[in-house]
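Student:
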Ligand code: FES
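Numbering (my numbering), first residue to last: 155 to 353.
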């Protein structure tokens with residue numbers, strides 16, 4: 155150490171230390187420059203396999219055939235021809251699955267058809283408890299075989315005596331004047347034992 159340095163109290167590094175420091179600095183600078191100048195074009199390609207479970211909910215609308223409602227209506231059914239009938243000689247016919255008493259009363263009747271307005275038809279089921287009926291020519295009544303209620307067939311089936319409290323259901327008729335055919339077209343009231351005549 156020179157006198158001057160001693161006087162100033164300043165320590166100066168020797169030449170070896172300066173060389174080492176300079177070399178280290180050069181290395182650091184070189185590294186930084188090298189990093190900055192390194193090519194950046196290289197791109198890493200990553201292949202990834204992804205396993206995915208997909209849950210799908212699908213709504214399917216299905217056309218279900220609907221039952222076609224049956225048309226509820228009385229049928230028009232030919233019961234007889236006027237030439238087939240004689241006064242007070244009843245015949246039994248079927249209408250809407252029921253036994254029907256068809257009779258030419260020999261006197262004009264409520265609801266009667268034909269040239270004399272005396273042909274009528276009634277459901278052969280008593281309105282008291284469903285008993286079968288027998289026609290009585292003398293009175294033009296139908297009499298129940300169970301409890302003997304009488305229904306007047308010339309007066310729309312009105313109950314005359316007995317337990318029944320309802321008229322006998324009358325079959326409504328149509329008469330074809332050209333041919334003489336007699337048709338049943340409906341029943342005018344509920345038949346005993348049924349909740350619907352057409353069911
Ligand atoms: S069932 Fe006809 S009167 Fe009783």
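Each residue gets a CB set at the ideal place from its N, CA and C atoms; glycine is no exception.
1. Can you give me the start and stop residues for the beta strand (DSSP E) that residue 235 sits inside?
2. For residue 292, name the three-state secondary structure that DSSP assigns.
3. Our contact map puts residue 321 next to residue 313 with C-beta atoms below 8 Å; I'd like the distance itself, whole angstroms only.
4. Short check: CB of residue 247 to CB of residue 259, under 7 Å?
5. To the nearest angstrom, how far is it from the Cα of residue 292 to the Cα of residue 345?
6. Of all the options 269, 271 and 298, which has the alpha carbon lying nearest to the alpha carbon of residue 283?
7. Taking 6 Å as the cut-off, is the beta-carbon of residue 280 closer than that to any non-hydrogen atom of the ligand FES?
8. Are the C-beta of residue 236 and some C-beta of chain C separated by less than 7 Å?
Tutor: Taking the definition as stated:
1. Residue mapping note: residue 235 aligns to position 81 of the chain shown, counting from 1. Per DSSP, residue 235 belongs to the beta strand (DSSP E) from 231-235.
2. Against the chain shown, residue 292 aligns to sequence position 138. Coil at residue 292, not helix or strand.
3. Mapped onto the chain shown, residue 321 falls at position 167. Mapped onto the chain shown, residue 313 falls at position 159. Indeed, because the Cβ distance is near 7 Å, the residues count as touching under 8 Å.
4. Reading the chain shown from its first residue, position 93 is the one you call residue 247. Reading the chain shown from its first residue, position 105 is the one you call residue 259. Contact flag unset, no.
5. Reading the chain shown from its first residue, position 138 is the one you call residue 292. Reading the chain shown from its first residue, position 191 is the one you call residue 345. Taking the straight line from one Cα to the other gives about 26 Å.
6. On the chain shown, position 129 is the one that residue 283 refers to. The shortest C-alpha separation from residue 283 is found at 298.
7. To locate residue 280, count along the chain shown from 1; it is residue 126. For the ligand FES, at least one heavy atom lies less than 6 Å from the Cβ of residue 280.
8. Note that chain C does not occur in the displayed structure, where there is just one protein chain.
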